[in-house]
Amino acid sequence: MGEKASPPPSGGSRPDSGPWAGAAGRLSGLGVSQGRAAGPVIRMAGPPELPAPRPVTDPGAEAATAAKALEAVAADLNRRAAAARGEAAEILEALAMMADDPMLLEEAERLAAEGADAAHALDAAFAGHREALAALGGYLAERAADLDDLKHRALAFALGLPMPGLPSPGHPYVLVAADLSPADTAGLGPDVLALVTERGGPTSHTAILARGRGLPAVVACAGVLELADGTVIGVDGSTGELAIGLTEAEAAEVGAADRRRRDRLAAGAGPGRTADGHPVKLLLNIGSAKDLAPGTEGAEGTEGVGLFRTEFLFLGRAQAPSFEEQVSAYAEVFGQVENVIVRTLDAGTDKPLPFLGLPGEDNPALGVRGLRVDRLLPEVLDTQLDAIAEAARRTGTSPWVMAPMVTTIAEATAFARRARATGIARVGAMVEVPAAALRAGRLLREVDFLSIGTNDLAQYTFAADRQHSALADLLDPRQPALLDLIAMCAAAGREAGKPVGVCGEAAGDPLIAPLLAGLGVTSLSMAPVCVPLVREALAGLTLAECEERARAAME
Ligand SMILES: C=C(OP(=O)(O)O)C(=O)O
Ligand SMILES: [Mg+2]
1 MGEKASPPPS GGSRPDSGPW AGAAGRLSGL GVSQGRAAGP VIRMAGPPEL
51 PAPRPVTDPG AEAATAAKAL EAVAADLNRR AAAARGEAAE ILEALAMMAD
101 DPMLLEEAER LAAEGADAAH ALDAAFAGHR EALAALGGYL AERAADLDDL
151 KHRALAFALG LPMPGLPSPG HPYVLVAADL SPADTAGLGP DVLALVTERG
201 GPTSHTAILA RGRGLPAVVA CAGVLELADG TVIGVDGSTG ELAIGLTEAE
251 AAEVGAADRR RRDRLAAGAG PGRTADGHPV KLLLNIGSAK DLAPGTEGAE
301 GTEGVGLFRT EFLFLGRAQA PSFEEQVSAY AEVFGQVENV IVRTLDAGTD
351 KPLPFLGLPG EDNPALGVRG LRVDRLLPEV LDTQLDAIAE AARRTGTSPW
401 VMAPMVTTIA EATAFARRAR ATGIARVGAM VEVPAAALRA GRLLREVDFL
451 SIGTNDLAQY TFAADRQHSA LADLLDPRQP ALLDLIAMCA AAGREAGKPV
501 GVCGEAAGDP LIAPLLAGLG VTSLSMAPVC VPLVREALAG LTLAECEERA
551 RAAME
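Residues 1 to 555 in UniProt numbering are what the sequence shown spells out, letter by letter.
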């Protein structure tokens, strides 16, 4: 969906109008999360590499640069500490004190005076400090790793490179990075206006998280890392266009226009319907109760949650969530929305759950992920199903539950049996593997509903890594082979009289949603921010027109 050539039907002004027209330069990538924003660039980088030592002509200047680097790192950490609360603030303050340590400064200055360039003086001073801490043992030895982070920051400053780690400049900014992990994206603060990455694909989990937060995002944007920090840019998350070198007034205009666009779309409400009244449920994709917070754009007035990605609750965690922790996280969602489809943990590939301790794999997308984790760790699914059932009891709700990456009928049968044994009333299977789509009719004898995950279904149908920015054309949900598989599932659902929805990113694309409705799916589940545009797109076409579009696309 990311390589659309034109903006969505109601996507606001064209990219070459307004502030975009006057921009000094352009870059483009794949727009993966709609909306526009503008602000100064801050690049996030990995740890800087120490270059070969440089001949030094002015040791005094090197010592001054080293001192300035330590000062800048401490000031940055103190500023972040002031903006943070509780434990996070304490940790940042402690780190700032470490960067401010006079012994560290003295050592770096001494080394510079002896002829080292600033970067090497800092590197050696930190190395000595690290050794001393490690030798003390206990708590202080554990802090040695923190010194590495400080060293990377100081080196980046001395070398004129972007700061490693998530930036926190104390003002709103556009985050630019080579790539972001889902955990980085989940941890972004409210001062991030938009994000742009050099790598990444339209259905990568980073893109999904950005969309979930309503954050305009562009991936696969070659050249973006060359923008200097502070350059004011405009980001169009629909078209993938970047306007470089905006004035502050132009940036403000971009923000105001986007707010007007969002307000206009939010004014539409009500259930999903084609122009002639054919119902297509509009559901939400969420990762936690936070995605349903009051005021979340698009979240109000929808017909339920179509995909609760439970693994997003526990990304990157080293400790397994306890039964009680799970119950309360699920109950928090069930208490807010009546109809929820919970997906059991979908670990693997780009969604690491270290607490599972899964062995490394050469080809993780084709390995033990999703429901397949059950082969190694059956107690994980048992605990989760029990926790979902308990949360349902405590909230007096009746969530539906589905498994990711179902491949065979036997897997669906076993999953349904175990889920029903806990008291869960409606059990479903995701269709993400072509084998499941081909056997949709048979699957529906075992489960109550199907939910088509077009992100993975495209990946496995076209043998194209969903994170690969160069393969976006193969992953385009309008590929006829993918539409054929969706049509097979929808037909099977009609025959069985059971719901078949789509919950992959395609469902939230206003150009594609009508095709899916035309193929006969009964619901579309998407990031809240996508709901208003999809509602508008469906309302503009009759069912026959949707069907005609689907037929045309398939041909
Ligand atoms: C909805 C899907 O699951 P996820 O994106 O979380 O893998 C999908 O694959 O389409
Ligand atoms: Mg999937």
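For every residue, glycine included, the Cβ atom is placed at its ideal position computed from N, Cα and C.
1) Should the segment 325 to 345 be regarded as contacting the segment 272 to 292, the criterion being three or more beta carbon pairs within less than 8 Å?
2) At a cut-off of 6 Å, is Asp456 close to ligand 1 when judged by its beta-carbon and the heavy atoms of the ligand?
3) Kindly identify the DSSP beta-bridge partner or partners of Tyr173.
4) Determine whether the beta carbon atoms of Leu209 and Ala177 lie at a separation below 7 Å.
5) Is it the case that the segment 463 to 481 contacts the segment 411 to 427, given that we only count it when at least three CB pairs across the two stretches are under 8 Å?
6) Just to confirm my understanding: we take Asp191, look at its own chain, exclude 5 residues before and 5 after, and list those with CB closer than 6 Å. What are they?
7) What is the residue span of the beta strand (DSSP E) that Phe449 lies within?
8) What's the gap between the Cα of Ala38 and the Cα of Ile244?
9) Within its chain, find whatever has a CB closer than 6 Å to the CB of Lys4; leave out the 5 residues flanking it on each side and keep chain order.
10) Within 8 Å, do at least three Cβ pairs link the segment 229 to 245 to the segment 497 to 507?
11) Whole angstroms is fine: what's the gap from Glu324's alpha carbon to Leu385's?
12) Is the closest heavy atom of ligand 1 to the C-beta of Cys503 under 6 Å?
13) So, Thr542 versus Asp276, is the Cβ gap smaller than 7 Å?
14) For Arg535, I'd like the list of residues in its chain whose CB is within less than 7 Å of its CB, leaving aside the five on either flank, ordered along the chain.
15) What distance in whole Å lies between the Cβ atoms of Val232 and Leu246, which are believed to be in contact at a cut-off of 8 Å?
16) Taking Ser525 and Leu284 to be in contact with their CB atoms under 8 Å, please state how far apart those CB atoms are, rounded to whole angstroms.
17) For Ala458, which residues from the same chain have a beta carbon less than 6 Å from its beta carbon, with the 5 sequence-adjacent residues on both sides left out?
18) Does the beta carbon of Glu432 fall short of 6 Å from some heavy atom of ligand 2?
19) Quick check: Ala112 and Ala121, are their CB atoms within less than 7 Å of each other?
20) Could I get the ranges of all uninterrupted alpha helix (DSSP H) runs contained in the segment 498 to 550, with 4 residues as the minimum, in chain order?
21) Go ahead and label Gly493 buried or exposed: buried means 16 or more other beta carbons lie within 10 angstroms of its beta carbon, across all protein chains shown.
22) Where in the segment 401 to 438 do unbroken runs of the beta strand (DSSP E), each at least 3 residues long, occur, reported from the N-terminal end onward?
23) Leu284 bridges to which residues according to DSSP?
24) Is any heavy atom in ligand 2 found nearer than 6 Å to the beta carbon of Gly428?
25) Could you have a look at Ser204 and say whether DSSP puts it in helix, strand or coil?
26) Name the two residues that bound the continuous beta strand (DSSP E) containing Pro40.
27) Find the nearest neighbour of Leu265 within the set Glu548, Ala537 and Ile512, judged by alpha-carbon distance.
28) Can you name the start and end residues of the alpha helix (DSSP H) that residue 556 belongs to?
29) Which value, in whole angstroms, describes the spacing of the CA atoms of Asp447 and Thr397?
30) So the alpha helix (DSSP H) Gly128 belongs to, where does it begin and stop?
31) Per DSSP, what are the beta-bridge partners of Leu30 in this structure?
32) Looking only at C-alpha atoms, which of Gly520, Ser322 and Asp509 sits nearest to Pro532?
33) Is Gly212 near ligand 2, going by C-beta to nearest heavy atom under 6 Å?
34) Count the other C-beta atoms from every protein chain shown that fall within 10 angstroms of the C-beta of Thr65, then say buried if there are 16 or more, exposed otherwise.
35) Could you check whether the Cβ of Gly453 sits closer than 6 Å to any heavy atom belonging to ligand 1?
36) My output table needs one value for Asp484: the three-state DSSP class, helix, strand or coil.
Short version:
1) With the cut-off at 8 Å, the segment 325 to 345 and the segment 272 to 292 touch.
2) The answer is yes for Asp456.
3) Val192
4) no
5) no
6) Cβ neighbours of Asp191 beyond the five flanking positions: Pro172.
7) Phe449 to Ile452
8) Straight-line Cα distance between these residues: approximately 10 Å.
9) Legend: pLDDT at Lys4 = 34, less than 50; position of this residue unreliable, value from coordinates given subsequently. Cβ neighbours of Lys4 beyond the five flanking positions: none.
10) When C-beta atoms of the segment 497 to 507 are compared with those of the segment 229 to 245, fewer than three pairs fall below 8 Å, so the two segments do not count as touching.
11) 12 Å
12) yes
13) Contact: yes.
14) Gly268, Gly272 and Leu282
15) The C-beta distance from Leu246 to Val232 rounds to 5 Å, short enough to fall under 8 Å.
16) That pair is a contact at about 7 Å.
17) Leu475 and Leu482
18) yes
19) yes
20) 513 to 519 and 531 to 539
21) buried
22) Counting only runs of 3 or more, we get 426 to 431.
23) Val305 and Met526
24) no
25) Reduced to three states, the DSSP call for Ser204 is coil.
26) Per DSSP, Pro40 belongs to the beta strand (DSSP E) from Arg36 to Met44.
27) Of the listed residues, the one whose Cα sits closest to Leu265 is Ala537.
28) Residue 556 cannot be examined here, being either before or after the span of the chain that is shown, 1 to 555.
29) The sequence shown places Val at residue 447, rather than the Asp named in the question. The straight-line gap separating the alpha-carbon atoms of Val447 and Thr397 is approximately 20 Å.
30) Ala118 to Leu136
31) Val219
32) Asp509
33) No.
34) buried
35) yes
36) helix
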